[in-house]
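There are 2 protein chains.
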Amino acid sequence: MTDASSSDKAVVTAAILVIGDEILSGRTKDKNIGYIAEYLTNIGIELREVRVVPDVMEEIVAALNALRARFTYVFTTGGIGPTHDDITADAVAAAFGVSIDHDPRAVAMLRERFSEADLNEARLRMARIPAGADLIANSVSKAPGFRIGNVHVMAGVPSIMQAMLDAVAPTLKTGVKMLSETVRAGLKEGDIGSALGEIAKAHSDVSIGSYPFWSETGPDTNIVVRSREADKLEAAMAAVKAMIASHSAGAGEPH
Amino acid sequence: MTDASSSDKAVVTAAILVIGDEILSGRTKDKNIGYIAEYLTNIGIELREVRVVPDVMEEIVAALNALRARFTYVFTTGGIGPTHDDITADAVAAAFGVSIDHDPRAVAMLRERFSEADLNEARLRMARIPAGADLIANSVSKAPGFRIGNVHVMAGVPSIMQAMLDAVAPTLKTGVKMLSETVRAGLKEGDIGSALGEIAKAHSDVSIGSYPFWSETGPDTNIVVRSREADKLEAAMAAVKAMIASHSAGAGEPH
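In order, the protein sequence lines correspond to chains V and F. Numbering-wise, the numbering used here puts 143 at position 132 of the first sequence, and it's gapless, one number per residue. Numbering-wise, the numbering used here puts 119 at position 108 of the second sequence, and it's gapless, one number per residue.
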């Protein structure tokens with residue numbers, strides 16, 4: 012009956028915090044940002060910022076506190092393994108000002124995978140969980156992630172991170188889903204930029220993106236219109252398509 | 012004669028600022044972060060932070076000002092094309108508090124590619140450069156990037172960004188190169204975590220990273236030792252290798 016469902020209060024936002032020297036050195040190429048970005052878009056959560064920081068306590072704490080204050084959710088990846096350079100759990104505890112210790116529930120999960128002989132001090136590090144956190148199941152290799160406040164702490168290994176994200180997703184509140192439609196212009200970006208800018212001004216309540224690419228026949232442009240409201244998206248897309256048609260028709264005419 | 016060349020003052024740092032809604036929506040998967048990270052490592056510049064922000068003026072300005080104050084260099088990618096959603100140049104001008112206008116040098120570069128008829132208002136947007144900036148040549152499609160202060164503004168299209176980075180690299184001061192050596196342990200990360208932590212403590216002046224992976228024969232671990240000083244790296248790596256050898260020998264023995 013009203014537009015309330017599509018107003019700003021229905022927008023659920025998120026940030027990703029990638030933790031790891033190996034990403035910053037270029038040794039490991041991140042595969043999680045793009046995956047999580049697409050995943051969140053598909054369930055109606057708007058990713059607003061990403062940061063990558065090194066395995067340094069103060070850097071993780073500062074970034075986490077900046078992000079968790081601004082967005083509905085924060086998702087971290089990396090730094091929850093069994094070695095000395097895995098300091099994410101300690102950094103999260105420090106950011107929230109809570110204690111951290113071996114969590115009996117997490118130890119029990121590790122026991123499903125490791126014998127008592129194999130459950131050494133290093134592996135038990137993976138059961139160190141900040142006080143008050145809920146565990147995130149790890150269907151791949153047992154060692155859990157955790158949620159505390161609006162922060163979800165996940166593994167850096169993509170297959171494990173993906174399993175954790177599947178475990179977390181049903182617990183997240185989701186916003187009105189962003190709708191998106193793409194049209195291939197068959198024209199160079201620079202040929203339609205001014206006209207597209209006019210359309211963007213006239214339809215300021217939708218987001219219009221322009222993405223050039225090289226097709227088999229030369230430079231081309233994808234135009235993406237995004238909105239949470241189908242009718243507004245449709246109106247803007249109609250304007251975009253009419254503009255493309257007039258440009259394509261005009262392209263063959265003499266000047 | 013002295014260690015001065017390897018002291019902290021020789022460390023050159025950097026941050027990357029990726030600008031673009033399409034990265035945050037997951038529609039486009041970033042390929043620039045990993046490329047720049049590896050590139051900087053190879054020329055002795057230490058990447059310390061990455062941020063991804065949307066095509067929103069205040070967000071770009073805030074992130075840019077935070078990063079340029081902290082690191083030797085900032086490299087931005089994205090948002091310098093011919094359409095209304097390309098607002099990076101304006102945001103950089105705003106961050107530096109300088110004016111922005113069509114730059115005759117940039118217009119001349121565009122004229123190398125476009126006829127007067129094709130050099131329309133949209134394409135001329137790509138010649139809008141903040142006052143006081145130096146241009147960064149674009150050998151792929153002419154429209155230049157630019158440098159202002161310690162900030163290098165580059166295209167988002169990977170092939171163009173890579174050409175710009177090649178153009179910029181000779182102008183950068185570089186630090187003492189970070190040396191890196193990797194050994195494959197042939198052991199599970201959790202089996203060597205405690206011993207590796209002891210080595211990291213004893214060799215606190217080097218960086219020791221532990222990266223689990225799945226090999227054809229099961230779980231395995233790469234251990235990476237990094238330092239700017241060859242002798243320190245060598246000493247830590249010797250300790251790591253001795254630890255691995257003792258573990259491998261011990262693995263066959265009865266408990």
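By construction, the Cβ of each residue, glycine as well, lies at the ideal position given by its N, Cα and C atoms.
### Task
For residue 58 (chain F), write down the residues that DSSP places opposite it in a beta bridge.
F:25
### Task
Return the first residue and the last residue of the alpha helix (DSSP H) that residue 202 (chain V) is part of.
Counting along the chain, the unbroken alpha helix (DSSP H) around residue 202 (chain V) starts and ends at 200-213.
### Query
Around the Cβ of residue 43 (chain F), are there at least 16 other Cβ atoms within 10 angstroms (buried) or fewer (exposed)?
buried
### Reference residue 201 (chain V), options V:63, V:223, V:148 and V:25, closest by Cα
Closest by alpha carbon: V:223.
### Task
Check whether the Cβ atoms of residue 29 (chain F) and residue 63 (chain F) lie closer than 8 Å to each other.
yes
### Query
How many Å lie between residue 179 (chain F) and residue 192 (chain F) at the Cα?
Between residue 179 (chain F) and residue 192 (chain F), the C-alpha separation is close to 28 Å.
### Query
Which residues in the same chain have their Cβ closer than 7 Å to the Cβ of residue 296 (chain V), if we skip the five residues on either side of it in sequence?
With chain V running from 12 to 266 in the structure shown, residue 296 (chain V) is simply not present.
### Message
Using the three-state DSSP reduction, which class does residue 147 (chain V) fall into: helix, strand or coil?
### Response
Residue 147 (chain V) carries a strand assignment under DSSP once its states are collapsed to helix, strand and coil.
### Task
Kindly indicate which three-state DSSP category residue 96 (chain V) falls into: helix, strand or coil?
coil
### Query
Given that a residue counts as buried once 16 or more other Cβ atoms are within 10 Å of its Cβ, and exposed if not, what is residue 33 (chain V)?
buried
### Message
Counting only beta-carbon separations shorter than 8 Å, does residue 248 (chain F) have a partner in chain V?
### Response
no
### Message
Within 8 Å of any Cβ in chain F, is that where the Cβ of residue 153 (chain V) sits?
### Response
No, because no Cβ of chain F sits closer than 8 Å to the Cβ of residue 153 (chain V).
### Query
Does any CB atom of chain V fall closer than 8 Å to the CB of residue 269 (chain F)?
Chain F is shown only over 12 to 266; residue 269 (chain F) falls outside these bounds and no answer can be derived.
### Extent of the continuous alpha helix (DSSP H) run through residue 52 (chain F)
43-53
### Closest residue to residue 75 (chain V) among V:51, V:96 and V:100 (Cα-Cα distance)
V:100
### Query
Exposed or buried, residue 127 (chain F), counting other C-beta atoms within 10 Å across all chains shown (16 or more means buried)?
exposed
### Query
Where does residue 195 (chain V) fall in DSSP's three states?
Looking at residue 195 (chain V) - three-state DSSP - the assignment turns out to be strand.
#### Entry: Proximal residues of chain V, C-beta to C-beta of residue 205 (chain F) below 7 Å
131, 132 and 133
### Query
Apart from the five residues on each side of it in sequence, which residues of its chain come closer than 7 Å, Cβ to Cβ, to residue 143 (chain V)?
109 and 159
#### Entry: N-terminal and C-terminal residue of the beta strand (DSSP E) that residue 218 (chain F) is part of
Per DSSP, residue 218 (chain F) belongs to the beta strand (DSSP E) from 218-226.
#### Entry: Reduced DSSP secondary structure (H/G/I, E/B, other) of residue 85 (chain F)
It is a strand residue.
### Query
With respect to the beta strand (DSSP E) encompassing residue 237 (chain F), which residues constitute its N-terminal and C-terminal limits?
From DSSP, the beta strand (DSSP E) with residue 237 (chain F) extends over 229-238.
### Query
So, is the C-beta of residue 94 (chain F) closer than 8 Å to a C-beta in chain V?
yes
### Task
Using beta-carbon positions only, say whether residue 189 (chain V) and residue 83 (chain V) come within less than 8 Å of one another.
no
### Query
Using 8 Å as the limit for Cβ to Cβ distance, is residue 115 (chain V) near chain F?
With a threshold of 8 Å between beta carbons, residue 115 (chain V) makes no contact with chain F.
### Query
Do you know how far the Cα of residue 260 (chain F) is from the Cα of residue 170 (chain F)?
49 Å
### Query
To the nearest whole angstrom, what separates the beta carbons of residue 208 (chain V) and residue 95 (chain F), a pair I think is in contact under 8 Å?
4 Å
### Message
Can you pull the chain V neighbours of residue 59 (chain F), defined as C-beta to C-beta under 7 Å?
### Response
Ordered by position in chain V, the residues that pass the 7 Å Cβ test against residue 59 (chain F) are 35 and 65.
### Task
Can you give me, in chain order, the residues of the region 216-237 of chain F that have a beta carbon less than 8 Å from any beta carbon in chain V?
Those would be 218, 219, 220, 221, 222, 223, 235 and 237, in chain order.
### Query
Cβ of residue 19 (chain V) less than 8 Å from any chain F Cβ?
A caution first: residue 19 (chain V) carries a pLDDT of 49, below 50, which makes its placement in the model unreliable, though a value can still be read off. Cβ-Cβ to chain F under 8 Å: no for residue 19 (chain V).
### Query
Can you find a C-beta in chain F that's less than 8 Å from the C-beta of residue 240 (chain V)?
no
### Message
With DSSP as the reference, identify every bridge partner of residue 112 (chain F), one or two as the case may be.
### Response
F:140
### Message
On a Cα-Cα basis, can you pick out the residue from V:258, V:228 and V:195 that is closest to residue 236 (chain V)?
### Response
V:195
### 8 Å Cβ cutoff met for residue 125 (chain V) and residue 116 (chain V)
no
### Message
Please report the straight-line C-alpha distance between residue 231 (chain F) and residue 166 (chain F), rounded to a whole angstrom.
### Response
The straight-line gap from Cα to Cα measures roughly 39 Å.
### Task
Kindly indicate if chain F contains any beta-carbon less than 8 Å away from that of residue 32 (chain V).
yes
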